[in-house]
Ligand SMILES: C[S@@+](CC[C@H](N)C(=O)[O-])C[C@H]1O[C@@H](n2cnc3c(N)ncnc32)[C@H](O)[C@@H]1O
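Residue numbers (the working numbering): 16 to 234.
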């Protein structure tokens, strides 16, 4: 896979547990999608779905699995670089007997560019993107003008971009980048009930982190 953009994720050793590896071995063929230079045929991946949402950086897939369960008529195309998380989500898909989640392994930038057709998804979920708090790392934050251009093209008319973050300075930067963009309109909203409360978010709340939900619509 080409890597022509700044790396927005942390390189972690992929210490994968036995159950995660065995879920990967057993279910990759059912739920996994290999990186390729061809556009996906999204309707054929989700033949019964009324809408398809692209999720970027699902981590361990906790929210993805619960959304898949709660919204069986929505298809979730979920992207992550971290192999243990992919194994974990595959195990959860099996446990909950879900048929509306497919997973692409790798960096979202080249994946979105080369695999997602224009105007093919109803929305994009970005839940708790790596905050990169140090100033010298701000360039690694995934939300920037270039990223907005990239996802804007892939979202259908009237579609949305939903971000949740527990890092207030990042929420502020996101608002600035989006306010300067003619491509989206929107802003901070109340925490929506449909967004599952994950362990990650719970830990942030315990540390008194304020969580912001931001929802923007394609102009
Ligand atoms: C802080 S974690 C949050 C995970 C999850 N969304 C949650 O709410 O628990 C951010 C995740 O985004 C993933 N990530 C960051 N940049 C990415 C990229 N360019 N492509 C795919 N995944 C990415 C990281 O590997 C990490 O798992």
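Glycine included, every Cβ here is placed at the ideal spot set by N, Cα and C.
Practice item. Excluding the 5 residues preceding and the 5 following residue 88 in the sequence, name in chain order all residues of the same chain whose CB lies nearer than 7 Å to its CB. Key: 64 and 65
Check your understanding: For residue 13, which residues from the same chain have a beta carbon less than 6 Å from its beta carbon, with the 5 sequence-adjacent residues on both sides left out?
Key -> This structure leaves residue 13 out entirely; the chain is present only between 16 and 234.
Practice item. Give the DSSP-derived three-state secondary structure of residue 65 in the structure shown. Key: coil
Review point. Beta-carbon separation of residue 164 and residue 135 under 9 Å?
Key: no
Check your understanding: Which residues share a DSSP beta bridge with residue 78?
Key -> DSSP, once it has assigned bridges, lists no residue as partnering residue 78.
**Study point:** Test item: CB-CB of residue 50 and residue 120 under 9 Å
**Key:** yes
Point to revise | Closest by C-alpha distance to residue 99, when choosing among 201, 187, 183 and 37 | key: 37
Check your understanding: Is the beta carbon of residue 160 within less than 8 Å of some heavy atom of ligand 1?
Key -> no
Check your understanding: Under 8 Å from any heavy atom of ligand 1, does the C-beta of residue 23 make it?
Key -> yes
Exercise for review: List the residues that DSSP assigns as beta-bridge partners of residue 227.
Suggested key: 180
Review point. Is the CB of residue 222 under 9 Å away from at least one CB in chain B?
Key: Among the chains in the structure shown there is no chain B, since it carries only a single protein chain.
Practice item. With DSSP as the reference, please indicate the residues paired to residue 233 in a beta bridge. Key: 199
Practice item. Taking only heavy atoms of ligand 1 into account, decide whether any of them is closer than 8 Å to the Cβ of residue 261. Key: With the chain represented from 16 up to 234, any question about residue 261 goes unanswered, as that position is not in the structure.
Check your understanding: Measuring CA to CA, which of 73, 40 and 54 is closest to residue 214?
Key -> 73
**Study point:** Exposure label - residue 107; buried when at least 16 CB within 10 Å
**Key:** buried
Check your understanding: The beta strand (DSSP E) spanning residue 116 covers which residue range?
Key -> 116 to 120
Check your understanding: According to DSSP, is residue 112 helix, strand or coil?
Key -> coil
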